[in-house]
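Chemist: These protein sequence lines map, in sequence, to chains A and B.
Going by the working numbering, the residue at position 68 of the first sequence is 75; the numbering climbs one at a time, nothing skipped.
Going by the working numbering, the residue at position 55 of the second sequence is 368; the numbering climbs one at a time, nothing skipped.
Okay, here's the structure, questions in a sec.
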Amino acid sequence: MEVIKTDHLTKYYGKARGIVDLSLSVEEGEFFGFIGPNGAGKSTTIRLLMGLMRATSGSASIYGMNIGDNKKKILENTGYIPSEAMFYPGTTVSEILKLSAGLRHMDCSAEARRLCERLQLDPGKKTDELSLGNRKKTAIVCALQHRPGLYIFDEPTSGLDPLIQKEFFEILQERNAEGATIFLSSHILSEVQRWCSRAAVIREGRLAACGHITELAGTRAKRISVVCPDMHELREALQRILPPDSGSPVKDSPSVHGSSPNQDKNPLRGKAPVQGRNPIRDKNPLRDFRSGGNTASFLWQGDIKELLDGLSQVPYTDITVTEPDLSEIFMHFYEQEGSL
Amino acid sequence: MTLLKFELKRSRISLAVWTAAIASLLLICLIIFPDMKGQVNELNAAFSSMGSFTEAFGMDRLNFGELMGFYGLECGNILGIGGAFFAAYIGVSSLAGEEKNRTAEYLLTHPVSRTRIVAEKLLGIFCQILILNAVSMLTSIVVVQGIGEELQMKEFLLLHAAYLLLQAEIAAVCFAISAVLRKSGIGAGLGLAAILYFLNIIANLTEDAKWLKYITPFGYAEAADIITESSIDPAMAAVGACVTIAGIAAAFFIYERKDIY
Chain A
8 MEVIKTDHLT KYYGKARGIV DLSLSVEEGE FFGFIGPNGA GKSTTIRLLM
58 GLMRATSGSA SIYGMNIGDN KKKILENTGY IPSEAMFYPG TTVSEILKLS
108 AGLRHMDCSA EARRLCERLQ LDPGKKTDEL SLGNRKKTAI VCALQHRPGL
158 YIFDEPTSGL DPLIQKEFFE ILQERNAEGA TIFLSSHILS EVQRWCSRAA
208 VIREGRLAAC GHITELAGTR AKRISVVCPD MHELREALQR ILPPDSGSPV
258 KDSPSVHGSS PNQDKNPLRG KAPVQGRNPI RDKNPLRDFR SGGNTASFLW
308 QGDIKELLDG LSQVPYTDIT VTEPDLSEIF MHFYEQEGSL
Chain B
314 MTLLKFELKR SRISLAVWTA AIASLLLICL IIFPDMKGQV NELNAAFSSM
364 GSFTEAFGMD RLNFGELMGF YGLECGNILG IGGAFFAAYI GVSSLAGEEK
414 NRTAEYLLTH PVSRTRIVAE KLLGIFCQIL ILNAVSMLTS IVVVQGIGEE
464 LQMKEFLLLH AAYLLLQAEI AAVCFAISAV LRKSGIGAGL GLAAILYFLN
514 IIANLTEDAK WLKYITPFGY AEAADIITES SIDPAMAAVG ACVTIAGIAA
564 AFFIYERKDI Y
């Protein structure tokens, strides 16, 4: 059963783009990640799903019910964490949790207590004095304490320390195992890669890709490292393999300046100098070429045999082929230059 | 009613402060009345020779030496201005405050319809206005007894009924404004209350501007008219009631369709 379905969902804020033509579908029991850089339209999509805004065009439904007409019914069985959780000043965490339960006509005090314990949140704290992490924890307990069937989270882990993040995802996995559907947005790819079964990538308001994590990660792209004493010859050989209309000479990518969404462990990595839009549409199979000393490293999304055949004339001494992680794929195949 | 209870609990301190301030000002004014009464002739002479100001505040028609005249002038201005500012403040900060404090996302993602949220918030505002006015009236009644004077009950009740309507009208208009705003509109709300107050003074000053009394709620809440005529101008009050209803309706209509972000 489809729990979340959007059909050509479009939202403009006046003339400013929110999301355009977004069609998504999330099945019951899925742990779904929604990835994109800041400003891509993740929060817009989620706010439309939560009925906080009206779509400019297109439609969205949850549990098969149109959101505009069945908001109350949908929200009864939904838990939501906003990206910036804020609460009424002059109250305490426990008052906020009680209000949340009261608005649902439920008594969730036992579950709230359990969750507060697991997340190490003191319910006696005043909301004015909450740190970002504690605000997030309060929002998490609000979203989880009534044990809904659907969880919609907008960047739930920002502000949480790693231990609490782990605890949070463990709770989510337990809920997921009990049959709950989880939809969470994130710009942290490793997080999505680790916990989600399926994901969608959104870029500049449009769906860039959607599929199983393994599919998304395995767009045939490999990271190739070649150790070769003659860099010049290697470049020439690669240039010969590239299709003539790829328009991208083999040269070093410019370096990245601190805007990486993930811990950038590879010093050779950088922003791809390609006009890349989509891994399917783009003809250039080579991305992110970096060289240093006698080693060159690049992402290759094409026929491996063709590559190796092309390199047969090159006097390389070592070659390694590894699976790139989702963040590399995201950076170089789904991201437009300079958008992150 | 969860939200209503929460709203009232949350605003209890601000309500207590406003109420205490207005009630204690009423108390002080009434306590000094017996002294003032002794100097009534000089006072009346002084007040009636202040030219336009005399008319602006209706002092030409009210006798300072009588309790009701004094009450209408002094206490009327305290509750009139204080109540109007209070109503504007709580009205304008109600819905817009949810977005300004970014709590709207929290509140509106619960299974409660927006109509219900608007209704409970509005009810919360009216409850606060009723409490403020009830305490003010009780204070006046008790203190008047205490100083050995007697209120003309009909005029007293009419006067307070007019203030109640005035506050409801300003609160409703400010509530509608707060349904539109995404940021705090406290400046706009208090400014509106002040403008409406001065419009009435202008209307009192010049015959040509009398029509302004139909625009500002201070027109029908003019103590000099209510006490001398023993009635509230029905046409002006009807305009006030219509504006109140229109403000409430607009708030429901706007908020139901508002994008929250």
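Built from N, CA and C at the ideal position, the CB exists for glycine as well.
Everything numeric in this text was worked out from a predicted model, so none of it was measured.
1. DSSP three-state label for GLU542 (chain B), please.
2. Does the segment 561 to 574 of chain B come within contact of the segment 443 to 452 of chain B, defined as at least 3 CB pairs closer than 8 Å?
3. From which residue to which residue does the beta strand (DSSP E) around SER232 (chain A) run?
4. Have a look at ARG213 (chain A) and LEU191 (chain A) and give me their C-alpha separation to the nearest angstrom.
5. Using DSSP bridges, identify the partner residues of TYR87 (chain A).
6. Any beta carbon of chain B sitting closer than 8 Å to that of LEU56 (chain A)?
7. Going along chain B, which residues have a C-beta under 8 Å from LYS79 (chain A)?
8. Going by Cα to Cα distance, which pick from A:ALA146, A:PRO169, A:GLY156 and A:LEU249 is closest to GLU185 (chain A)?
9. Comparing the C-beta of TYR568 (chain B) with each C-beta of chain A, is any distance below 8 Å?
10. Given that a residue counts as buried once 16 or more other Cβ atoms are within 10 Å of its Cβ, and exposed if not, what is VAL10 (chain A)?
11. Is it buried or exposed for TRP202 (chain A), if we count other Cβ within 10 angstroms and need 16 for buried?
12. When the Cα atoms are used, what is the spatial distance from SER304 (chain A) to LYS312 (chain A)?
13. In angstroms with no decimal places, state the Cα-to-Cα distance between ASP521 (chain B) and LEU472 (chain B).
14. Count the other C-beta atoms from every protein chain shown that fall within 10 angstroms of the C-beta of ARG205 (chain A), then say buried if there are 16 or more, exposed otherwise.
15. Just checking: is the beta-carbon of TYR70 (chain A) within a distance shorter than 8 Å of some beta-carbon in chain B?
16. Near GLY43 (chain A), which residues of its chain fall below 7 Å by C-beta distance, leaving aside the five closest residues on each side in sequence?
17. Give a yes or no on contact between the segment 90 to 104 of chain A and the segment 407 to 425 of chain B, applying the rule of three or more CB pairs nearer than 8 Å.
18. Please determine, among B:GLU569, B:PRO547, B:GLY385 and B:ARG325, the residue with the shortest C-alpha to C-alpha distance to ALA492 (chain B).
19. Considering GLU102 (chain A), what are the terminal residues of the alpha helix (DSSP H) in which it resides?
20. Identify the contact partners of THR98 (chain A) in chain B, using a Cβ-Cβ distance below 8 Å as the criterion.
21. Is it the case that the segment 128 to 145 of chain A contacts the segment 61 to 73 of chain A, given that we only count it when at least three CB pairs across the two stretches are under 8 Å?
22. Is SER449 (chain B) near ALA334 (chain B), with beta carbons less than 8 Å apart?
23. Interface residues of chain B around GLY109 (chain A) at Cβ under 7 Å?
24. Determine which residues share a DSSP beta bridge with THR13 (chain A) and list them.
25. Which residues in chain A sit within 7 Å of THR416 (chain B), going by Cβ to Cβ distance?
26. What does the Cβ neighbour count give for THR428 (chain B), buried or exposed, with the cut at 16 atoms within 10 Å?
27. Starting from ARG61 (chain A), find everything on chain B with Cβ-Cβ shorter than 8 Å and list it in chain order.
28. Residues of chain B with a CB under 9 Å from the CB of PRO130 (chain A): which are they?
29. Hey, ALA537 (chain B) and ARG374 (chain B) are a contact pair by Cβ (cut 8 Å); roughly how many whole angstroms apart?
30. Where does TRP524 (chain B) land, buried or exposed, given buried means 16+ other C-beta within 10 angstroms?
31. Looking at chain A, is there any beta carbon in it that lies within less than 8 Å of the beta carbon of LEU421 (chain B)?
32. Judging by CA-CA distance, which residue of A:MET8, A:ALA244, A:TYR323 and A:ASP28 is the nearest neighbour of ASP14 (chain A)?
33. Leaving out five residues before and five after GLY560 (chain B) in sequence, what residues of the same chain have Cβ atoms less than 7 Å from its Cβ?
34. Which residue marks the beginning of the alpha helix (DSSP H) containing THR428 (chain B), and which one marks its end?
35. Counting contacts by CB-CB distance shorter than 8 Å, is LEU16 (chain A) in contact with chain B?
36. Suppose you measure from the CA of ASN587 (chain B) to the CA of VAL456 (chain B); what does that come to, to the nearest Å?
Modeler: According to the data block:
1. By one-based count along the second sequence, residue 542 (chain B) stands at place 229. If DSSP states are grouped into helix, strand and coil, GLU542 (chain B) belongs with the helices.
2. Touching, no, given that fewer than three Cβ pairs across the two stretches are closer than 8 Å.
3. By one-based count along the first sequence, residue 232 (chain A) stands at place 225. Unbroken beta strand (DSSP E) run through SER232 (chain A): 229 to 234.
4. Residue numbering aside, residue 213 (chain A) sits at position 206 when the first sequence is read from its first letter. Residue numbering aside, residue 191 (chain A) sits at position 184 when the first sequence is read from its first letter. When rounded, the distance between both Cα atoms is 17 Å.
5. Here residue 87 (chain A) refers to the residue found at position 80 when the first sequence is read from its first residue. Bridge partners of TYR87 (chain A): A:ILE159.
6. Locating residue 56 (chain A) in the first sequence gives position 49, where the first residue counts as 1. Not closer than 8 Å to any Cβ of chain B, the Cβ of LEU56 (chain A) fails to qualify, so no.
7. Here residue 79 (chain A) refers to the residue found at position 72 when the first sequence is read from its first residue. Below the 8 Å Cβ cutoff, chain B contributes PRO424, VAL425 and SER426 as neighbours of LYS79 (chain A), in chain order.
8. The residue labelled residue 185 (chain A) in the question sits at position 178 within the first sequence. When the alpha-carbon of GLU185 (chain A) is set against those of A:ALA146, A:PRO169, A:GLY156 and A:LEU249, the nearest one is in A:GLY156.
9. Sequence index remark: in the second sequence, residue 568 (chain B) carries index 255 (1-based). TYR568 (chain B) has a beta carbon lying at 8 Å or more from every beta carbon in chain A.
10. Residue numbering aside, residue 10 (chain A) sits at position 3 when the first sequence is read from its first letter. That one is buried.
11. By one-based count along the first sequence, residue 202 (chain A) stands at place 195. It is buried - the Cβ of TRP202 (chain A) has at least 16 other Cβ atoms within 10 Å.
12. To locate residue 304 (chain A), count along the first sequence from 1; it is residue 297. To locate residue 312 (chain A), count along the first sequence from 1; it is residue 305. So the alpha carbons of these two residues sit roughly 17 Å apart.
13. As a working note, residue 521 (chain B) is residue 208 in the second sequence. As a working note, residue 472 (chain B) is residue 159 in the second sequence. ASP521 (chain B) and LEU472 (chain B) have their C-alpha atoms some 26 Å from each other.
14. Indexing the first sequence from 1 puts residue 205 (chain A) at position 198. That one is buried.
15. The sequence position of residue 70 (chain A) within the first sequence is 63, counting from 1. Judged by the 8 Å Cβ criterion, TYR70 (chain A) is not in contact with chain B.
16. The residue given as residue 43 (chain A) occupies position 36 in the first sequence. Excluding sequence neighbours, GLY43 (chain A) sits near LYS49, HIS194, VAL208, ILE209 and ARG210.
17. The segment 90 to 104 of chain A is in contact with the segment 407 to 425 of chain B.
18. As a position in the second sequence, residue 492 (chain B) is number 179, starting the count at 1. Ranking the options by Cα distance to ALA492 (chain B), first place goes to B:GLU569.
19. Within the first sequence, numbered from 1, the residue matching residue 102 (chain A) stands at position 95. Element bounds for GLU102 (chain A): 100 to 110.
20. Start at 1 with the first residue of the first sequence, and residue 98 (chain A) comes out as number 91. Within 8 Å Cβ-Cβ: ARG323.
21. no
22. As a position in the second sequence, residue 449 (chain B) is number 136, starting the count at 1. As a position in the second sequence, residue 334 (chain B) is number 21, starting the count at 1. Cβ distance not < 8 Å, so SER449 (chain B) and ALA334 (chain B) don't count as in contact.
23. Numbered from its first residue, the first sequence carries residue 109 (chain A) at position 102. Residues of chain B passing the Cβ test: THR315.
24. Here the question's residue 13 (chain A) lines up with position 6 in the first sequence. THR13 (chain A) pairs with A:LEU31 and A:ALA67.
25. By 1-based counting over the second sequence, the position of residue 416 (chain B) is 103. Simply MET93, PHE94 and TYR95.
26. By 1-based counting over the second sequence, the position of residue 428 (chain B) is 115. Answer is exposed; the Cβ neighbour count stays below 16.
27. The residue given as residue 61 (chain A) occupies position 54 in the first sequence. In chain order: ARG570 and ASP572.
28. Residue mapping note: residue 130 (chain A) aligns to position 123 of the first sequence, counting from 1. Correct list: empty, because the minimum Cβ distance to chain B is about 16 Å.
29. Within the second sequence, numbered from 1, the residue matching residue 537 (chain B) stands at position 224. Within the second sequence, numbered from 1, the residue matching residue 374 (chain B) stands at position 61. Separation of the CB atoms of ALA537 (chain B) and ARG374 (chain B) is rounded to 4 Å, and the pair is thereby assigned contact status at 8 Å.
30. Reading the second sequence from its first residue, position 211 is the one you call residue 524 (chain B). With fewer than 16 Cβ atoms within 10 Å of its Cβ, TRP524 (chain B) is classed as exposed.
31. The residue given as residue 421 (chain B) occupies position 108 in the second sequence. Taking Cβ atoms only, chain A reaches closer than 8 Å to LEU421 (chain B), which makes this a yes.
32. Residue mapping note: residue 14 (chain A) aligns to position 7 of the first sequence, counting from 1. Looking at the Cα atoms, A:ASP28 is the closest of the given residues.
33. To locate residue 560 (chain B), count along the second sequence from 1; it is residue 247. Result list for GLY560 (chain B): ALA485, VAL486, PHE488 and ALA489, in chain order.
34. As a position in the second sequence, residue 428 (chain B) is number 115, starting the count at 1. It spans 427 to 459 - the alpha helix (DSSP H) in which THR428 (chain B) sits, taken as one unbroken run.
35. Locating residue 16 (chain A) in the first sequence gives position 9, counting from the first residue. No - not a single Cβ of chain B is within 8 Å of the one on LEU16 (chain A).
36. No answer is possible for residue 587 (chain B): the residues shown for chain B start at 314 and end at 574.
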